[in-house]
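A.B. asks: Just dropping this structure here.
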Amino acid sequence: MIAIGSDHAGFGLKQALMQHLTERGLEYKDFGTYTPDSCDYPVYARAVAEAVARGECERGIIVCGTGIGVSITANKVKGIRATVCHDVFSAKACRQHNDTNIITMGERVIGAGAAIEVLDAWLDTPFLGGRHARRIGLISQTENEYFK
Ligand code: RB5
């Protein structure tokens, strides 16, 4: 199960990404927003991040105007490794090296066609483990020491 959410500025791109997930036969849960009316992006970023952190969803997708605010928010939730990502190279690298569990994008930055290519690369790329797992462990250690 994939968690997905957006604010008003990411609402249109979220719709396109959900349609793509459906076409791929991938299950998702939409954490809102459910209308294009103005709203506060941390609310929806937090809901997606908590669903992933709880293990209710394996991965998450969050869209806002830039992808930045929702990424900052999601990374405040323990266990989340989120990044804003608008290119295929970074989408693969943030899975292979960083084992990201949330990808964020900005509807004001990227069109739906390119966003779908980025999303597919991210969904289909496995974590490489090995030395990268040690580094993820160091991230978790930092997190555990600062977020009690
Ligand atoms: C909303 O205007 C905008 O600030 C938000 O979607 C996001 O880009 C914040 O980082």
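Per our numbering, residue 276 is the first one in the sequence shown, and the count goes up by one each step. Idealized CB from N, CA, C, for every residue including glycine.
How do the region 408 to 422 and the region 376 to 393 stand: do at least 3 beta-carbon pairs fall below 8 Å, yes or no?
C.D. replies: Result no; under three Cβ-Cβ pairs closer than 8 Å.
A.B. asks: Using CA atoms only, rank isn't needed, just tell me which of ILE279, LEU292, ASP282, LEU288 is closest to ASP395.
C.D. replies: With distances taken between Cα atoms, ASP395 lies closest to LEU292.
A.B. asks: With distances taken between CB atoms, is the gap from THR341 to GLY381 smaller than 9 Å?
C.D. replies: For THR341 and GLY381, yes; Cβs fall inside 9 Å.
A.B. asks: If you reduce the DSSP assignment to three classes, tell me which class ARG334 lands in.
C.D. replies: Of the three classes helix, strand and coil, the one that applies to ARG334 here is strand, per DSSP.
A.B. asks: Just to confirm the assignment: which complete beta strand (DSSP E) runs, minimum length 3, are found wholly within the region 333 to 364?
C.D. replies: Counting only runs of 3 or more, we get 334 to 339, 357 to 359.
A.B. asks: Just to confirm, are THR400 and ARG370 a CB contact at a threshold of 9 Å?
C.D. replies: In this structure, ARG370 lies closer than 9 Å to THR400 by Cβ.
A.B. asks: If VAL345 sits next to VAL393, beta carbons under 8 Å apart, how far is it from one beta carbon to the other, in whole angstroms?
C.D. replies: Not a contact, Cβ separation roughly 15 Å.
A.B. asks: Taking 8 Å as the cut-off, is the beta-carbon of VAL345 closer than that to any non-hydrogen atom of the ligand RB5?
C.D. replies: VAL345: yes, Cβ under 8 Å from the ligand RB5.
A.B. asks: Using 10 angstroms around the beta-carbon of GLY330, count the other beta-carbons present and answer buried if the total reaches 16, otherwise exposed.
C.D. replies: Exposed is the call here.
A.B. asks: Examine the ligand RB5 and report whether any of its heavy atoms sits within less than 8 Å of the Cβ of HIS295.
C.D. replies: HIS295: no, Cβ never under 8 Å from the ligand RB5.
A.B. asks: Taking 8 Å as the cut-off, is the beta-carbon of GLY381 closer than that to any non-hydrogen atom of the ligand RB5?
C.D. replies: GLY381: yes, Cβ under 8 Å from the ligand RB5.
A.B. asks: Is HIS283 near the ligand RB5, judged by its Cβ being under 8 Å from some heavy atom?
C.D. replies: Yes - the ligand RB5 has a heavy atom lying nearer than 8 Å to the Cβ of HIS283.
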